[in-house]
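Here's the structure, in structure tokens; my notes come after.
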Amino acid sequence: MKKFTSIFSILLLMTHFGFAQEESLKEEIKALSKAKWQWMADKDADKLAELFDDKSVFVHMGGSWGKEREVNIIRSGGIWYKKADIHEVSVEIIDNTAILLNRITLLAEVGGNEVTNPFEVTEVYIKKADGWKLGSLSFTKLMGPGDR
């Protein structure tokens, strides 16, 4: 019985440690996403270029493209992500991949025009040797009743 109790205690501790570690990773991803929104508002293209994986993809209402174009659009002010009001955030970890969902209201300047839109934003992060890299950023405009 002592052996069973010891094994059960070890398994319980391992489960608790694994849960705590996953929660810590989720908080790390949430903080990284929040920093990304600030860098976008600040038009800090250099920090964003470090965060974006070389193979990253970006999906907007007007099309999709890769890292170089996204960084250049931000640098030039073609899209200025002025402020993202974040209403809900969730994160799921699958192996070395984190999927973050943000429900936001985005104030942006696009082609010189200020616009506000409600979005569900999907961010996919991949854990690499040098840290987390953003692999995909997709904006889905919300259209239904009750959307922010």
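If you use mature numbering (1 follows the signal peptide of the UniProt record, and there is no 0), the sequence shown corresponds to residues -20 to -1, 1 to 128, in order.
Each residue gets a CB set at the ideal place from its N, CA and C atoms; glycine is no exception.
These numbers were taken from a predicted model, which means no experiment stands behind them.
Measuring C-alpha to C-alpha distances from Val104 to each of Gln18, Asp22, Asp33 and Glu7 identifies Asp33 as the nearest. Remark: C-beta atoms of Val101 and Ser118 approach each other more closely than 8 Å.
Beta-bridge pairing by DSSP links Ala64 to Leu86.
Contact check for Asn76 and Ile106: beta-carbon distance about 6 Å, within the 8 Å limit, so the pair qualifies. Counting only unbroken stretches of 4 or more residues, the alpha helix (DSSP H) elements lying wholly within the stretch 21 to 58 are 25 to 31 and 47 to 56, in sequence order.
A distance of 8 Å or more separates the beta carbons of Lys47 and Ser56.
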